[in-house]
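Residue numbers (our numbering): 1 to 90. For each residue, glycine too, the CB sits at the ideal point set by N, CA and C. What follows is a short report on a single structure.
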């Protein structure tokens, strides 16, 4: 498959994905948020999830910093920066 065709397929799949996500968003927004009790439970879940994510990001940051230092020391700054960029994007 020529490079241009592969790029067009990738762009097309991306556009279809964005359209699907937008339609899904509209459908979810139409649904009632539920009773007061359901919203209370959802708030508690959201709060717990945010605490978990904060702690997880702290641990990942420590891991990334240690691996970055080892890569910098062993393989040079270019590899360490590439790793840091990959860690940030993931």
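Your pair residue 83 and residue 71 checks out as a contact, with CB atoms roughly 5 Å apart and the cut at 8 Å. Here DSSP, grouped into helix, strand and coil, assigns residue 15 to helix. In the structure shown, residue 43 adopts helical secondary structure according to DSSP, grouped into three states.
CA-to-CA, the gap between residue 45 and residue 30 works out to about 21 Å. Remark: C-beta atoms of residue 80 and residue 68 approach each other more closely than 8 Å.
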